[in-house]
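**Student:**
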Ligand SMILES: Nc1ncnc2c1ncn2[C@@H]1O[C@H](COP(=O)(O)OP(=O)(O)OP(=O)(O)O)[C@@H](O)[C@H]1O
Ligand SMILES: Nc1ncnc2c1ncn2[C@@H]1O[C@H](COP(=O)(O)OP(=O)(O)OP(=O)(O)O)[C@@H](O)[C@H]1O
Ligand SMILES: CC(C)C[C@H](N)C(=O)O
Ligand SMILES: [Mg+2]
Ligand SMILES: [Mg+2]
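Protein chains in written order, with the working numbering: chain A, 1 to 267; chain B, 1 to 293; chain C, 1 to 237; chain D, 1 to 327; chain E, 1 to 384.
Below, the structure written as structure tokens:
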């Protein structure tokens, strides 16, 4: 029997998933987040990203998914509550230090340096160990091996590539430093279907390389398909969360998102 | 007549070089931090006063004062950054608020210099030996030639830094996408502080050059240099160091050459007209890529 | 009232890059014309040429029986063209209500009527509670919804939608699909760019596939789905 | 986000209530302000102080039309003021116009100059700002280089015995009230909405059927008219007009500081900003004769650091729902 | 028996273009105040009244000036005012004081146009009218044998009117004016201007601006190796100029009112030496020694004292009447006092100086001259 938690203060996660017992790589504990003034966008939200899994986050527009992700990554500071890495509170840590902890982000919208070349974009990703020439070379080689398309375009300006290619460069940049975890915000929005399915396949493989994934997506179908654990957010709160198995087996859960899943047809 | 023209060309280049350097540091600030530094002129004049004090009380000649001014202003800029800028980013429109804040800063700095140095004009009573050299047909002051050399060296160094080194590229990347640069693990605060300090240091050194090239300065001449700096920045294309360099030279040449052919009082109009026409024809400056809003 | 869109021989170059290389398209009143194509195929550029944001280098655009090539966007808009943008372009520092009023500013109806219409529009988009907020305070998806509502305000004759579903939650996608269906049912012309195949398949009467600035296939949904070139370039296996 | 769902009939009522509050507030503030200023000469308060207070309120509010509504930062805003001042001075001094007849020409000169500068409206951001600064310098230099018998050369023009401090004070009051009424109308008018839409995204507004160029021009001309008028009235009030002071960048700077201090984009913002800052300036100037510039500078810096949206702007950011009540 | 003090209002610029000069002048006024009050004050109707200075700041800002004078008159209730520094500010102040019916003693505004406005209650106590200001130098240069002269001036009231008068006289004396060019405020580089003056064939170069610009000009003349037979810079004998310019200032001609070699036989007030003594006593820490602004203001104080005791009243009209009555009857440390009914000053002429490597010398007019002018000046290549 899978336990499912509905809208509780301290949601425990449901289902005996693979990494269930390991401490979360990243965690939000009871955070309230506001953009300015008193209007709290997130209220008492708790979320955990378990190692070795793909954790999916879905929910209506304005539910606070991107806000949660930005909070995870230190781009927003919670009013109350804590952000934890490996169980240790890092609330208020600036975003650039997350790399040191092996956590990378691919944000919603474009995040490339358009006028710099593909290679310079990748080199900048190696900023934290820029003095270690051998390691930088190794990281570049590895990335080019992973995305041969990028090697072909290494001296092209990043901004001159098509949307899909840019998305791959962003992924490559995030993975160049061999992070333990990546946070992805709608990685396939506005990406052509063929490239989109390639991206999903790629993401699905990441846990096998030891990379934990947090995926925020409006493409509920794909998100549910590849996630091991799901969070459903609504109005800045955690409405429900549970393992993929729970969502596929528990009929009340399945029904709740069935409508969302059914919507999409993929090529 | 040709002596006048030669004089105009040569001095135009030299004066333009100083303008370019002021523009370079301003464009760095605007590009990286979106700060409209209206107080930049005061930093420049501050540099001139530092050279003045160093020479008058310690006998240190201007050429030696340059590295000292650079260090001093770098420190000042570093501290100033943390004092002022982080809070600024909280406003809706950091660009205009930075203008306003820096305007206040400019008033305050001028007032401080006034308290320290009084309102009259100063000049450094230091002359190179010989005081001027004959270049072809015309005499050019040694101080100006030295200043020009320094300008060229500094511009080259800055260009190399921005386009060839990783920290330089990181600075430019910050111009392109400020959020993304944090994601790849760059400490933007430190980087921004560095940019601010670097720009301030260049302003300080430009100040020493100003003292060499335009002998007299006073606590209130800062604004003039700030305005010239802005003209150069806009003329060259915002955030574009090479553009700033070209624009500085162009502006200096235009200013000098028009005094050759027009009454001096009309000559100033020429500089402004060049700016207006260039921008109306090419709304993003000589080397600007696209309009920024 | 309704009008068709007719595009012929449209060429648009950016420096050395040819974004559109002679596009021919017709969309009839009452029809939803789906436009698909890989990233960078030229879809958005096509839309920008039609609505006057870009001036095409060659070719012409007809709306109804009027040639609109070279008209400015507001002149085109006055002919009854509405559009949304791929990346939302809301008026950031205006309230949601004011955002919706912008396209109807030159209407003769009194303000109250327009405001009421705006409010009911926001209600349907589930944005009514935020009506006095600045639109910059909306989430990415909410901004897309606001754009859709704003486009509908003046009741345009020709509707051009650029990725209206990107980042929009499925339940609202459904709602938007219904909206678009009813627009087409009212005899208006709809141009729909989307990477969201669900909506394309469900809505389009015809689909045109663009690649490298050319229409490589055109036809019914079924024809396109089985077109080898489209599968190769766009849909994937 | 927390506002409850309201069905449409109560919404209309609520809207009417909001409008009522808005107009009551506007009328109240306007009433208090006019009564106060009308009484200044009667009670022999410092005429000059209040004259300049009104001048700055008008200037800052007009600037707000350019900056807050249209999104332009004319660093050379003083050009309108200066040309307005010279128009009145030249008409009065060399053509013998009565002052009251000359003033409307100042406004017209502002509009003419606005039309002349209109091509720069396609620039944006700092480009516009700096070009505007250059144009202001050109205006100053052109007037400086004009024949001395017209513009008085560098010494400028003196209107001599035509000074009528109290009358010019009331004329300034009238100008201010007309200006504020205009801006109040603008804030709610369709033109105002179009201006703000163009400010936020010109291309999108264009696509919505807004004639961007025309809307911008209209906003720009409104913003150009009032400072020119202010320049004319001030010329009359002080009796001395010269290029150095009539085109002083400090005038632009003060206008910007006062407008921003109150908060751009609202009508009350620049008014409150001007009142607070002019008063603060006066206080500092009286209390700390030596340090006053230093303190003014530092005060401006602190203002930006701690009230970055201006007084009214900060308030509205914290209470977004008040946006529809506060003019 | 003392009565309420006489309150004199004045503005001083804490900042801006005129700050230094205004403060310099204020120190002169303080000397006079110190002197009058140590003598018990001014006698009006048999009662000795002390004199009190109420000063406010004008930041060199013309728009502030009327407001400040209004504050002085209405809030501070001063009995009469001293003008601010310079023609620009004084013109703005005159309007305010005139409408409020207060008497204004002008000590630093030379522009002739102020005196053409029909103001009734102004008097230039010591500052000679602008068009007369630059004439002694022309006379001196003419006497040395200069035939061709080049003029350049900053486009500001004071340099402009000075140069205008100078050019007029030069033409009248039959000299050839080879160049006549104005430059705008903010001009920082005079190289080309100097070259143009050279190219025009001028023997003497007569560029007029404020100190900073003149310092730059002096330096650039030397750098450009531009050998004129004579260079005249109004401010070149100002202490701060001498201190800063060093060798650049050698052999330059200039003019001043205050120098140890200029001693007028005073009829009223302290003579130059006595004044300087007081200066040293009152301002032991002042960074600069007294300059001609100081003595102008001091002299104006002395004249004011005579006006008040002659008028026996602080009424503006009576004071103006007294001021006219005194015309031609006072010699102060700055020289003779002579005005017309507009309040314009005709005397108090400046003396022409030359900076030699060994110090300043008075070279004109002959009665006060201490040395013969060195003309033509040695070319740069022959100087050490
Ligand atoms: N303003 C512009 N300047 C230069 N190149 C441009 C411009 N706009 C578009 N392009 C180029 O034109 C091509 C077509 O772009 P377009 O935006 O029309 O593609 P799209 O089909 O809409 O792609 P996507 O699905 O990613 O939105 C691309 O290669 C793009 O880089
Ligand atoms: N800059 C901002 N200022 C104020 N409020 C904001 C801001 N950004 C977002 N919000 C508010 O926060 C809420 C959550 O936004 P968020 O972007 O996290 O939503 P989301 O779940 O990512 O939605 P979507 O799927 O549409 O991207 C929204 O209701 C929005 O109104
Ligand atoms: C000689 C100076 C005291 C003259 C003064 N600068 C003026 O403007 O009139
Ligand atoms: Mg989101
Ligand atoms: Mg597109």
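A virtual CB, placed ideally from N, CA and C, is assigned to each residue, including glycine.
Since the model is a prediction, treat every value here as computed from it, not as a measurement.
From the DSSP output, in three-state form, read off residue 264 of chain D for me.
**Tutor:** Here residue 264 of chain D is taken as the residue at index 264 of the fourth chain, counted from 1. Coil, per DSSP.
**Student:** Can you give me the start and stop residues for the beta strand (DSSP E) that residue 229 of chain A sits inside?
**Tutor:** Within the first chain, residue 229 of chain A is the residue found at index 229, counting from 1. Its beta strand (DSSP E) spans residues 229-234.
**Student:** Just to confirm, are residue 39 of chain E and residue 6 of chain E a CB contact at a threshold of 7 Å?
**Tutor:** In the fifth chain, residue 39 of chain E corresponds to position 39, counting from 1. In the fifth chain, residue 6 of chain E corresponds to position 6, counting from 1. Their beta carbons are not under 7 Å apart, which means residue 39 of chain E does not touch residue 6 of chain E by this criterion.
**Student:** For residue 234 of chain B, does the count of other Cβ atoms within 10 angstroms reach 16, so buried, or fall short, so exposed?
**Tutor:** Taking the first residue of the second chain as 1, we reach residue 234 of chain B at position 234. That one is buried.
**Student:** Per DSSP, residue 219 of chain C is paired with what?
**Tutor:** Position 219 of the third chain, counting from 1, holds the residue named residue 219 of chain C. The partner list for residue 219 of chain C (beta bridge, DSSP) reads C:207.
**Student:** Would you call residue 140 of chain D buried or exposed, if buried means 16 or more other Cβ atoms sit within 10 Å of its Cβ?
**Tutor:** Position 140 of the fourth chain holds residue 140 of chain D. Label assigned to residue 140 of chain D: buried.
**Student:** Based on the DSSP output, what are the partners of residue 155 of chain E in its beta bridges?
**Tutor:** Looking up residue 155 of chain E in the fifth chain gives position 155. Per DSSP, none; premise fails for residue 155 of chain E.
**Student:** Skipping 5 residues on each side, what residues in its chain have a beta carbon closer than 6 Å to that of residue 13 of chain C?
**Tutor:** Position 13 of the third chain holds residue 13 of chain C. Once the five neighbours on either side are set aside, the close Cβ partners of residue 13 of chain C are 57.
**Student:** Tell me which residues of the region 170-191 of chain C have at least one Cβ-Cβ distance to chain A shorter than 8 Å, keeping chain order.
**Tutor:** Hits within the stretch, in order: 170, 171, 172, 173 and 174.
**Student:** Please report whether the beta-carbon of residue 315 of chain D lies at a distance below 7 Å from any beta-carbon of chain C.
**Tutor:** Residue 315 of chain D sits at position 315 when you count from the first residue of the fourth chain. So, not an interface residue.
**Student:** Kindly examine ligand 5 and report whether one of its heavy atoms sits closer than 6 Å to the Cβ of residue 86 of chain C.
**Tutor:** Residue 86 of chain C sits at position 86 when you count from the first residue of the third chain. Yes.
**Student:** Find the residues of chain E that neighbour residue 153 of chain D, judging by a C-beta separation of less than 7 Å, and give them in chain order.
**Tutor:** Along the fourth chain, read from residue 1 onward, the residue named residue 153 of chain D stands at position 153. 160, listed in chain order.
**Student:** Figure out for me which residue from B:258, B:284, B:165 and B:263 has the closest Cα to the Cα of residue 273 of chain B.
**Tutor:** One-based indexing of the second chain puts residue 273 of chain B at position 273. Among B:258, B:284, B:165 and B:263, the Cα nearest to that of residue 273 of chain B belongs to B:258.
**Student:** Would you decide whether residue 169 of chain C is buried or exposed? Buried here means 16 or more other CB atoms lie within 10 Å of its CB.
**Tutor:** Here residue 169 of chain C is taken as the residue at index 169 of the third chain, counted from 1. The residue in question, residue 169 of chain C, is buried, as its Cβ has 16 or more Cβ neighbours within 10 Å.
**Student:** Rounded to a whole number of angstroms, what is the C-alpha to C-alpha distance between residue 268 of chain D and residue 160 of chain A?
**Tutor:** Along the fourth chain, read from residue 1 onward, the residue named residue 268 of chain D stands at position 268. Along the first chain, read from residue 1 onward, the residue named residue 160 of chain A stands at position 160. Each residue's alpha carbon lies about 46 Å from the other.
**Student:** Rounded to a whole number of angstroms, what is the C-alpha to C-alpha distance between residue 131 of chain A and residue 122 of chain A?
**Tutor:** Sequence index remark: in the first chain, residue 131 of chain A carries index 131 (1-based). Sequence index remark: in the first chain, residue 122 of chain A carries index 122 (1-based). Each residue's Cα considered, the two are about 15 Å apart.
**Student:** Under a three-way DSSP split, which group does residue 345 of chain E fall into?
**Tutor:** As a working note, residue 345 of chain E is residue 345 in the fifth chain. Three-state result, residue 345 of chain E: strand.
**Student:** Taking the straight line between their C-alpha atoms, what separation do you get for residue 339 of chain D and residue 235 of chain D?
**Tutor:** Here chain D covers residues 1 to 327 and nothing more, so residue 339 of chain D does not appear.
**Student:** Determine the contact status of residue 38 of chain C and residue 233 of chain C, defining contact as a CB-CB distance below 7 Å.
**Tutor:** As a working note, residue 38 of chain C is residue 38 in the third chain. As a working note, residue 233 of chain C is residue 233 in the third chain. Yes, the pair counts as a contact, with Cβ atoms nearer than the cut-off.
**Student:** Since residue 123 of chain E is in the beta strand (DSSP E), which residue starts that stretch and which ends it?
**Tutor:** Here residue 123 of chain E refers to the residue found at position 123 of the fifth chain. Looking at the DSSP string, the run of the beta strand (DSSP E) that includes residue 123 of chain E is 122-124.
**Student:** What whole-angstrom Cβ distance do residue 38 of chain B and residue 102 of chain B have, given they're in contact under 8 Å?
**Tutor:** Here residue 38 of chain B is taken as the residue at index 38 of the second chain, counted from 1. Here residue 102 of chain B is taken as the residue at index 102 of the second chain, counted from 1. Indeed they touch by this definition, with Cβ atoms about 4 Å apart.
**Student:** Taking any heavy atom of ligand 1 as the mark, which residues have a C-beta closer than 5 Å to it, listed down the chain?
**Tutor:** This criterion selects A:163, C:14, C:19, C:39, C:40, C:41, C:42, C:43, C:44 and C:45.
**Student:** Run the CB neighbour count on residue 224 of chain C, radius 10 Å, all protein chains shown included, and call it buried at 16 or more, exposed below.
**Tutor:** On the third chain, position 224 is the one that residue 224 of chain C refers to. Under this definition residue 224 of chain C is a buried residue.
**Student:** Does any residue of chain D bring its CB to less than 7 Å from the CB of residue 91 of chain C?
**Tutor:** Within the third chain, residue 91 of chain C is the residue found at index 91, counting from 1. Yes, residue 91 of chain C lies at the interface with chain D (some Cβ there is under 7 Å from its Cβ).
**Student:** Compare the beta carbon distance of residue 122 of chain B and residue 255 of chain E with 7 Å and say whether it is the shorter of the two.
**Tutor:** As a position in the second chain, residue 122 of chain B is number 122, starting the count at 1. As a position in the fifth chain, residue 255 of chain E is number 255, starting the count at 1. Taking 7 Å as the Cβ cut-off, residue 122 of chain B and residue 255 of chain E do not qualify as a contacting pair.
**Student:** Taking 7 Å as the CB-CB limit, is residue 1 of chain C close to chain D?
**Tutor:** What you label residue 1 of chain C is simply residue 1 of the third chain in a count that begins at 1. Because residue 1 of chain C sits at a pLDDT of 49, beneath the cut-off of 50, its placement in the model cannot be relied upon, and the point is left open.
**Student:** Closer than 6 Å by C-beta to residue 66 of chain B: which residues in its own chain qualify, once you throw out the five before and the five after it? Chain order, please.
**Tutor:** Looking up residue 66 of chain B in the second chain gives position 66. Contacts found: 205 and 208.
**Student:** Classify residue 288 of chain E as helix, strand or coil using the three-state DSSP reduction.
**Tutor:** In the fifth chain, residue 288 of chain E corresponds to position 288, counting from 1. Looking at residue 288 of chain E - three-state DSSP - the assignment turns out to be coil, as it is neither helix nor strand.
**Student:** If we define contact as Cβ-Cβ less than 7 Å, is residue 151 of chain E a contact residue for chain B?
**Tutor:** Start at 1 with the first residue of the fifth chain, and residue 151 of chain E comes out as number 151. Not one chain B Cβ lies under 7 Å of residue 151 of chain E.
**Student:** Grab me the residues of residue 146 of chain B's own chain with a C-beta within less than 7 Å of its C-beta, minus the 5 sequence neighbours each way, in chain order.
**Tutor:** Looking up residue 146 of chain B in the second chain gives position 146. Excluding positions up to five away in sequence, the list reads 63, 128 and 212.
**Student:** What is the residue span of the alpha helix (DSSP H) that residue 144 of chain C lies within?
**Tutor:** As a first step, residue 144 of chain C must be located in the third chain, where it is residue number 144. Start and end: 140-152.
**Student:** Quick check on residue 183 of chain B - is its C-beta less than 7 Å from some C-beta in chain A?
**Tutor:** Sequence index remark: in the second chain, residue 183 of chain B carries index 183 (1-based). Closer than 7 Å: yes.
**Student:** Got a sec: is the Cβ-Cβ distance from residue 223 of chain C to anything in chain A below 7 Å?
**Tutor:** One-based indexing of the third chain puts residue 223 of chain C at position 223. With 7 Å as the cut-off, residue 223 of chain C does not count as an interface residue toward chain A.
**Student:** Taking the alpha-carbon positions, what's the residue 374 of chain E to residue 360 of chain E distance?
**Tutor:** Reading the fifth chain from its first residue, position 374 is the one you call residue 374 of chain E. Reading the fifth chain from its first residue, position 360 is the one you call residue 360 of chain E. One C-alpha to the other measures close to 12 Å.
**Student:** Hey, residue 330 of chain D and residue 114 of chain D: beta-carbon distance below 7 Å or not?
**Tutor:** Absent from the structure is residue 330 of chain D, since the part of chain D shown begins at 1 and ends at 327.
**Student:** State buried or exposed for residue 188 of chain C, treating a residue as buried only when at least 16 other CB atoms are found within 10 Å of its CB.
**Tutor:** If you number the third chain from 1, residue 188 of chain C lands on position 188. Counting Cβ neighbours within 10 Å, residue 188 of chain C comes out buried, since at least 16 surround it.
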